[in-house]
Amino acid sequence: MNDRGFWLRVGWRNLGRHRRRTVITAMALAWGFAAVVLFSGILEGMGSDFIRSGTDLMAGQVRIQHPAYEPEREIWDVIGGDDGVPVAELLSRIRADPEVLGAAPRVYGAGIIASDSTSRGGLLMGIDPERETDVTHFLSGVLEGSPPEEGAYQVLLGQELARQLRTAVGEEVVLVAPSADGAMGNELFTVSGIVRTGIPEVDAAQVVLHIEDLQFLLALGAGDVHEVVVALRNPWDATEVADRLALDLADLASDMEVMAWQEFRPELVEFAGLIGGMNWLILIIVFLMAAFGVANTMLMATFERRREFAVVKALGMRPGRIVAMVVGEALILGILAVLAGALISLPLVLWLMHYPVDLTPIAGEQMFMDGLFRFVLRVEPSWDIPIRSAVGLVVTAVLAALYPALRAIRVPAAEALAGR
Amino acid sequence: MCQDPLHAPPPPPFRASTPRLAAAILATVTVVLSAGLFPSSAAAQTSPTEANAIVRHVDDLLRGESSHGKVRMEVVTERWTRTMEMEMWSLGQDYSLVRVLSPSREAGTATLKVDRDIWNYLPRVDRTIKVPGSGMGGSWMGSHFTYDDLVRESSMVDDYDIEVAFEGARDGTEVWEFALTPLPEAPVVWGRLELVVRKRDRMPLEARYFDDRGELARTMTFSEFRTMDGRLVPTRLSMHPEDKPGERTTLHYEDLEFETGLPASFFSLQRLRGGP
Numbered sequence: 001m002n003d004r005g006f007w008l009r010v011g012w013r014n015l016g017r018h019r020r021r022t023v024i025t026a027m028a029l030a031w032g033f034a035a036v037v038l039f040s041g042i043l044e045g046m047g048s049d050f051i052r053s054g055t056d057l058m059a060g061q062v063r064i065q066h067p068a069y070e071p072e073r074e075i076w077d078v079i080g081g082d083d084g085v086p087v088a089e090l091l092s093r094i095r096a097d098p099e100v101l102g103a104a105p106r107v108y109g110a111g112i113i114a115s116d117s118t119s120r121g122g123l124l125m126g127i128d129p130e131r132e133t134d135v136t137h138f139l140s141g142v143l144e145g146s147p148p149e150e151g152a153y154q155v156l157l158g159q160e161l162a163r164q165l166r167t168a169v170g171e172e173v174v175l176v177a178p179s180a181d182g183a184m185g186n187e188l189f190t191v192s193g194i195v196r197t198g199i200p201e202v203d204a205a206q207v208v209l210h211i212e213d214l215q216f217l218l219a220l221g222a223g224d225v226h227e228v229v230v231a232l233r234n235p236w237d238a239t240e241v242a243d244r245l246a247l248d249l250a251d252l253a254s255d256m257e258v259m260a261w262q263e264f265r266p267e268l269v270e271f272a273g274l275i276g277g278m279n280w281l282i283l284i285i286v287f288l289m290a291a292f293g294v295a296n297t298m299l300m301a302t303f304e305r306r307r308e309f310a311v312v313k314a315l316g317m318r319p320g321r322i323v324a325m326v327v328g329e330a331l332i333l334g335i336l337a338v339l340a341g342a343l344i345s346l347p348l349v350l351w352l353m354h355y356p357v358d359l360t361p362i363a364g365e366q367m368f369m370d371g372l373f374r375f376v377l378r379v380e381p382s383w384d385i386p387i388r389s390a391v392g393l394v395v396t397a398v399l400a401a402l403y404p405a406l407r408a409i410r411v412p413a414a415e416a417l418a419g420r
Numbered sequence: 421m422c423q424d425p426l427h428a429p430p431p432p433p434f435r436a437s438t439p440r441l442a443a444a445i446l447a448t449v450t451v452v453l454s455a456g457l458f459p460s461s462a463a464a465q466t467s468p469t470e471a472n473a474i475v476r477h478v479d480d481l482l483r484g485e486s487s488h489g490k491v492r493m494e495v496v497t498e499r500w501t502r503t504m505e506m507e508m509w510s511l512g513q514d515y516s517l518v519r520v521l522s523p524s525r526e527a528g529t530a531t532l533k534v535d536r537d538i539w540n541y542l543p544r545v546d547r548t549i550k551v552p553g554s555g556m557g558g559s560w561m562g563s564h565f566t567y568d569d570l571v572r573e574s575s576m577v578d579d580y581d582i583e584v585a586f587e588g589a590r591d592g593t594e595v596w597e598f599a600l601t602p603l604p605e606a607p608v609v610w611g612r613l614e615l616v617v618r619k620r621d622r623m624p625l626e627a628r629y630f631d632d633r634g635e636l637a638r639t640m641t642f643s644e645f646r647t648m649d650g651r652l653v654p655t656r657l658s659m660h661p662e663d664k665p666g667e668r669t670t671l672h673y674e675d676l677e678f679e680t681g682l683p684a685s686f687f688s689l690q691r692l693r694g695g696p
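Chains as they are written, first to last, in this note's numbering: chain A, 1 to 420; chain B, 421 to 696.
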């Protein structure tokens with residue numbers, strides 16, 4: 001009676017008395033476990049894809065600006081303020097960070113763009129096309145032509161903007177923009193290409209130039225950049241990397257702020273929070289169902305054994321041991337269910353992890369939070385979800401057994417033995 | 421000076437419009453001066469009719485009929501100061517043409533306004549560009565005025581309810597201070613105007629523009645009153661945006677003639693490009 005595994009052994013034997021019932025209950029729990037692991041994994045996968053698509057298209061996962069640049073976006077609030085910044089060194093230092101995939105400098109302006117027939121307001125963005133593709137994907141949306149080349153006075157126009165201007169690749173446009181010295185910068189450019197990002201506001205206004213051409217138009221120097229965007233291996237490390245870069249780069253310029261996407265795209269953070277909330281909701285719903293299933297089974301089991309409980313009580317077994325016996329039975333049931341659930345879900349999870357199911361043919365591509373989102377069923381590799389679910393299930397099973405266990409110790413021994 | 425005026429997300433209130441300024445800059449200063457009609461009697465309280473008449477006088481002064489002249493525009497910002505010499509022609513509120521004479525780098529740059537449309541001529545690229553609707557919030561020639569300021573047309577008398585808020589001496593000068601509240605359906609963007617007019621000769625001294633929340637957005641000051649082509653006008657107009665302390669755009673009229681008899685056909689795209 002004193003061996004410590006006693007209650008587990010009894011529990012195990014008791015489960016064996018009604019094998020069919022045990023298997024059915026365990027399977028119900030196992031499927032619940034598998035469903036939670038699979039759906040939570042898919043949700044996490046979607047969440048990650050949303051974050052990626054929301055930052056990869058144009059924004060980057062970390063960005064560096066003059067602290068006062070947003071929201072007024074004054075032309076002279078360049079990184080490093082009036083002194084500017086050694087751009088090449090800044091970029092190579094950023095890229096030296098092992099978590100960084102790429103870094104690209106940008107200059108912004110606003111002005112008027114005019115074709116032969118009409119004119120529109122334009123958002124001017126000067127980029128280094130080669131570096132830009134290390135960080136963002138919007139240049140893969142070039143429909144015709146090519147990104148602007150260095151020193152060629154070329155512009156890449158948003159699709160809707162080009163349509164409204166009634167212009168085409170190879171034609172001339174004029175850009176007029178207030179420059180840093182107060183004059184009206186104006187210059188002739190050739191349309192080098194048309195781009196579609198999928199973000200309506202961008203496609204209707206974006207004018208992409210080579211960074212050096214825009215610096216010239218705006219009377220800025222080569223060390224004057226408004227922004228450096230950075231892409232990371234893992235978006236979830238952004239805050240950490242931003243803090244590290246802020247320290248690493250501090251000696252290059254004083255007026256510099258390094259921000260992670262969590263800061264400049266707070267709506268994406270809210271979305272990530274929403275995904276987390278949905279995961280908990282699924283967990284709670286499934287485990288509530290599991291709890292009632294276990295409670296029902298254990299209640300039946302204890303009811304059948306009224307006479308046994310009466311006997312052991314009459315023999316002097318302490319109530320704690322009776323409770324341990326019943327709870328042990330539920331614990332083993334829960335562990336069996338988790339093992340079975342793992343067997344069920346493992347192949348599905350592995351499959352969706354390595355061979356995501358692309359639902360784009362059915363659902364189409366959606367613009368969501370400034371990112372082009374593709375509906376792909378993909379499980380985010382994570383130990384967090386299965387472990388959380390397994391612990392949750394076992395704890396649920398144990399808690400659900402408490403009530404039947406309390407009933408067991410309250411069995412009136414004399415009456416039960418008398419068969420009444 | 422905001423570099424991104426075309427798309428600056430929430431446009432600061434002062435940029436939204438200045439009803440009278442369009443006229444003030446482009447229509448230059450024309451006077452329907454009738455000093456004799458309004459004796460500056462400081463004796464009695466000013467009646468509402470009189471108040472209306474005084475404001476109308478100031479309004480006409482800044483709006484004018486037809487005019488031609490030279491103006492020096494000085495723009496002072498936190499970052500830079502620049503001065504431009506310009507020649508300007510106007511006809512009523514609807515037509516005006518401004519051409520830059522100096523600095524030489526920008527000489528020939530010109531702006532034409534016909535009704536609510538504005539074109540710029542850029543000699544460097546030899547192109548005429550119509551300012552698009554989305555560009556109307558942009559700065560005109562680097563100044564604190566926007567294209568919207570140039571095209572907005574409203575009347576202090578017709579669009580506002582006028583009250584005499586103060587009458588008496590301010591810094592030793594006898595003045596009226598008028599409080600102008602927009603009429604319910606008036607097409608104005610200001611929440612309220614305050615206009616200070618000198619009693620002696622009915623010259624405006626200051627106009628204060630308040631936004632919808634009742635906060636001061638910009639102040640116009642008028643000074644250097646001189647007689648030009650037989651009319652007394654303020655020849656120095658200075659605009660101080662409230663959200664950029666220390667910054668200003670000042671217009672100095674150096675030469676003005678009125679009732680030039682120019683036809684509307686003068687204000688053409690051909691003329692904008694410097695043609696006959």
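Virtual Cβ for every residue (Gly too), placed ideally from N, Cα, C. Please read all numbers here as calculations on a predicted model, not as lab measurements.
Check	Outcome
Alpha carbon of A/L283 to alpha carbon of A/A291, nearest angstrom	12 Å
Beta-carbon separation (whole angstroms), B/F630 vs B/A637, contact threshold 8 Å	6 Å
Any C-beta of chain A under 8 Å from that of B/I549	yes
Any C-beta of chain B under 8 Å from that of A/D181	yes
Proximal chain A residues relative to B/T497, where beta-carbon distance stays under 8 Å	G182
Cut-off 6 Å between Cβ atoms - residues of its own chain near A/A215, not counting five sequence neighbours on either side	First, the amino acid is wrong: residue 215 of chain A is Gln here, not Ala. These residues qualify, in order along the chain: V107.
Closer than 8 Å to chain B by CB, A/I112	yes
CB contact below 8 Å: B/P661 versus chain A	no
Extent of the continuous alpha helix (DSSP H) run through A/S53	19-56
Nearest-angstrom beta carbon gap, A/I64 and A/G109 [assumed within contact, 8 Å]	The pair is not a contact, with the Cβ atoms about 18 Å apart (cut-off 8 Å).
Beta-carbon neighbours of A/V176, restricted to chain B and to distances below 8 Å	N540, L542, I549
Integer Cβ distance of A/P404 from A/A295, believed to fall under 8 Å	7 Å
Interfacial residues, the stretch 511-536 of chain B to chain A, with Cβ spacing under 8 Å	R525, E526, T529
Short Cβ contact (8 Å threshold) for A/A422 with A/V100	Past the boundaries of the shown model lies residue 422 of chain A; chain A is included only from 1 to 420, so the question cannot be answered.
Through-space distance from A/D243 to A/A250, alpha-carbon basis	11 Å
Where B/V545 meets chain D, residues with beta-carbon distance less than 7 Å	Structure shown: chain D not included; protein chains present are A and B.
When B/M648, B/T501, B/S486, B/V478 are compared against B/Y673, the one with the closest alpha-carbon	B/M648
Contacts around B/R618, its chain only, beta-carbon distance under 7 Å, and the 5 residues preceding and following it disregarded	T593, V595, L625
Segment contact, 8 Å Cβ cut-off, at least three pairs: the stretch 332-349 of chain A with the stretch 26-41 of chain A	yes
Complete runs of the beta strand (DSSP E) confined to the stretch 577-643 of chain B [at least 3 residues]	580-590, 593-602, 612-618, 624-630
Beta-bridge pairing of B/M504 - partner residues as DSSP gives them	B/M493
Touch test, the stretch 33-47 of chain A against the stretch 186-202 of chain A, Cβ-Cβ under 8 Å, three pairs minimum	no
Cut-off 6 Å between Cβ atoms - residues of its own chain near A/F138, not counting five sequence neighbours on either side	L57, M58, T197
Partners in chain A for B/P665, counting only beta-carbon separations shorter than 7 Å	Those within 7 Å of B/P665 in chain A number zero; the least Cβ separation is about 15 Å.
Secondary structure, beta strand (DSSP E): runs of 3+ residues fully inside the stretch 642-673 of chain B	651-661
Beta-carbon proximity of B/V545 to B/L671, cut-off 8 Å	no
Integer Cβ distance of A/R93 from A/D248, believed to fall under 8 Å	6 Å
Between the CA atoms of B/W539 and B/G456 - distance to the nearest angstrom	Confidence at B/G456 is low in this model, with a pLDDT of 35, below 50, so its placement is unreliable and no value can be given for it.
Cross-chain neighbours of B/R646 in chain A, by beta carbon under 7 Å	None at all; the shortest Cβ gap to chain A is about 28 Å.
Chain-ordered chain A contacts of B/S559 [CB-CB under 8 Å]	P178
Cross-chain neighbours of B/R502 in chain A, by beta carbon under 7 Å	G182
Spatial distance of B/I582 from B/A627 (CA atoms)	14 Å
Same chain, Cβ closer than 8 Å to B/L682, neighbours up to 5 away in sequence not counted	S486, H488, W509, L511
Meets three-Cβ-pair contact criterion under 8 Å: the stretch 121-136 of chain A and the stretch 257-275 of chain A	no
Within chain A, the residues that B/G694 reaches when beta carbons sit closer than 8 Å	What B/G694 touches in chain A: nothing, since even the nearest Cβ is about 16 Å away.
Simplified DSSP assignment, three categories, for A/I194	strand
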